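Chemist: So that we are looking at the same thing, I have put the structure below in structure tokens.
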Amino acid sequence: MPRRKAVRTSTLSTALIGFSLVAGGSALSMGLASLGARPGPQSPARQVGVVGPDGRGDPRGCIFDERLASYAAGWPFDLCDCPYPPACDDPINRDAAIPTPATPMKVVRIRVVVFANDDGSDPTSVLGEVEDQIAVLNADFAQHRFYFQHTVDFINSTAARIGAIPATVFAENPGVQCNVYVVATNGSSATGPWESQALADEGGVLMSEDHFASDLHVLTHEMGHTLGLWHTFHGSQLNIACGVGPCHDCSESVGAANTDLVGDHCSDTPPMLAGGFATCTSPTGIDPCSGRPWGAMPENYMDYAGALLPGCDMLFTPQQSGRMHCWSADELSAWFSAPGDLNGDGFVNIADPIFLKDYLFGGGAAPNPLCRGDVNGDGGIDIADMIYLLNYLFSQGPAPTDGC
Ligand SMILES: [Zn+2]
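Residue numbers (our numbering): 1232 to 1635.
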């Protein structure tokens, strides 16, 4: 049985650790240079930026609420939009990416790093718990056509375990996999796909050991951030919390016509306040901008109630699913495992038919996910798949099918 972790009452730290302001001009041009081919909606440039003491953050000012709170308590600017026009914030592009049951599974490589003290004591997790947590992650994402193919590393470093040095010091190949660090500090956070560190050493997911448990869905929440989701309460809660005030041009207001373009950029999540950590309900009250009652969707993974409360963890909306597919395709495709990459090393080569041979005849590890072994798409995994893959590699045979 995995260890049961106590649920923290808050993931937000209010301590002012430090921040730096970056002028908007050069940051804006950097953002534009990173755009894909698809046009996005026009957004006004915002001269804000925040980089934390651990090197995480973004000069374009597009970080998630947890890190905003820890880096710069009381930050006076709204950060409800990025200071450049991201293609996947366009609802047309978002909706075009909403998956169906026939959409091929996107297989995302992740590397889970568990820290222990220098002498190996007190690890932040154990192998069985990691496997259970990844199983929850994959179950949560299955209908949204994402699968996470994981490896696990155990590293002895007291300093990284307790956050005295950034866990990201131990990043490994962030250009081809998402590093997920399980640490013994409060709060969990993630890097967004639009951030300049998304594929760099400073990127990845930080998971508090308190949140890394198979009856919680905080990893699902953080992976939602990683793939391009804001909190459901972003744009309503944040503007008020930061003192910007309601009715700001970026606030998401009940009944407004622009809920596709502000807040979490999804109109199928209602303007709402952040759920508490102990109840599966959304706060009630009146949106001061519209004078109408706030909406409610506590069961959304991108609220706090849905992520932290066992039994209150049920959904991403279709538009959220579309955003994750759009953003990940535009910015994170280097993390995707290709059909035929049966051993998950990022390449399709001779090692893959050998891997399949070992699985079929030598008691070796199974393809992960197993359906990936069906490279010829005939519904089974057998020697014909091995021959098919060899033909592809060496005899100009057809490319491997997805299998999943
Ligand atoms: Zn969050």
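Built from N, CA and C at the ideal position, the CB exists for glycine as well. Fair warning: this is a prediction, and the values are worked out from it, not measured in the lab.
Please look up how many angstroms separate the CB atoms of residue 1421 and residue 1295, rounded, as I've assumed it's under 8 Å.
Modeler: 7 Å
Chemist: Tell me the residue span of the beta strand (DSSP E) that contains residue 1439.
Modeler: 1436-1439
Chemist: Looking at the secondary structure, which residues open and close the beta strand (DSSP E) in which residue 1412 lies?
Modeler: 1409-1414
Chemist: Less than 7 Å between C-beta atoms, sequence neighbours within five positions excluded: which residues of the same chain meet that for residue 1356?
Modeler: 1345, 1413, 1440 and 1443
Chemist: Cα separation between residue 1455 and residue 1537?
Modeler: Counting only the Cα atoms, residue 1537 lies some 12 Å from residue 1455.
Chemist: Can you tell me whether DSSP reads residue 1614 as helix, strand or coil?
Modeler: DSSP places residue 1614 in helix when its eight states are reduced to three.
Chemist: I'd like the list of long-range same chain contacts for residue 1367, defined as Cβ closer than 6 Å, with 5 residues on each side in sequence excluded.
Modeler: 1445
Chemist: Is residue 1640 helix, strand or coil when you go by DSSP?
Modeler: The structure shown does not extend to residue 1640, since the chain spans only 1232 to 1635, so no value can be given for it.
Chemist: What would DSSP say about residue 1342, mapped onto helix, strand or coil?
Modeler: strand
Chemist: Less than 8 Å between C-beta atoms, sequence neighbours within five positions excluded: which residues of the same chain meet that for residue 1617?
Modeler: 1584, 1587, 1588 and 1591
Chemist: Given this structure, state the Cα-to-Cα distance separating residue 1598 from residue 1566, to the nearest angstrom.
Modeler: 17 Å
Chemist: Whose C-beta lies closer than 8 Å to the C-beta of residue 1613 among residues of the same chain, with five residues either side of it excluded?
Modeler: Cβ neighbours of residue 1613 beyond the five flanking positions: 1591.
Chemist: Residue range of the beta strand (DSSP E) that residue 1592 falls in?
Modeler: The continuous stretches of beta strand (DSSP E) do not include residue 1592, which lies in the alpha helix (DSSP H) extending over residues 1582-1592.
Chemist: Closest by CA to residue 1509, which one among 1395, 1516 and 1530?
Modeler: 1530
Chemist: If we count the other Cβ atoms within 10 Å of its Cβ and call it buried at 16 or more, is residue 1235 buried or exposed?
Modeler: Low confidence applies to residue 1235: its pLDDT is 35, below 50, so where it sits in the model is not reliable, and the reading given next is rough at best. Exposed is the call here.
Chemist: Name the one or two DSSP bridge partners that residue 1379 has.
Modeler: 1339
Chemist: Could you give the DSSP three-state label for residue 1652: helix, strand or coil?
Modeler: Here the chain covers residues 1232 to 1635 and nothing more, so residue 1652 does not appear.
Chemist: What span of residues does the alpha helix (DSSP H) with residue 1361 cover, start to end?
Modeler: Going by DSSP, residue 1361 is part of the alpha helix (DSSP H) stretching over 1358-1372.
Chemist: Rounded to a whole number of angstroms, what is the C-alpha to C-alpha distance between residue 1625 and residue 1552?
Modeler: 38 Å
Chemist: From the DSSP output, read off the bridge partner residues of residue 1420.
Modeler: 1437
Chemist: Within 8 Å, do at least three Cβ pairs link the segment 1348-1362 to the segment 1398-1407?
Modeler: They do not touch, by the three-pair rule.
Chemist: Out of 1438, 1450 and 1405, state which residue places its alpha-carbon closest to the alpha-carbon of residue 1429.
Modeler: 1405
Chemist: Near residue 1322, which residues of its chain fall below 6 Å by C-beta distance, leaving aside the five closest residues on each side in sequence?
Modeler: 1491
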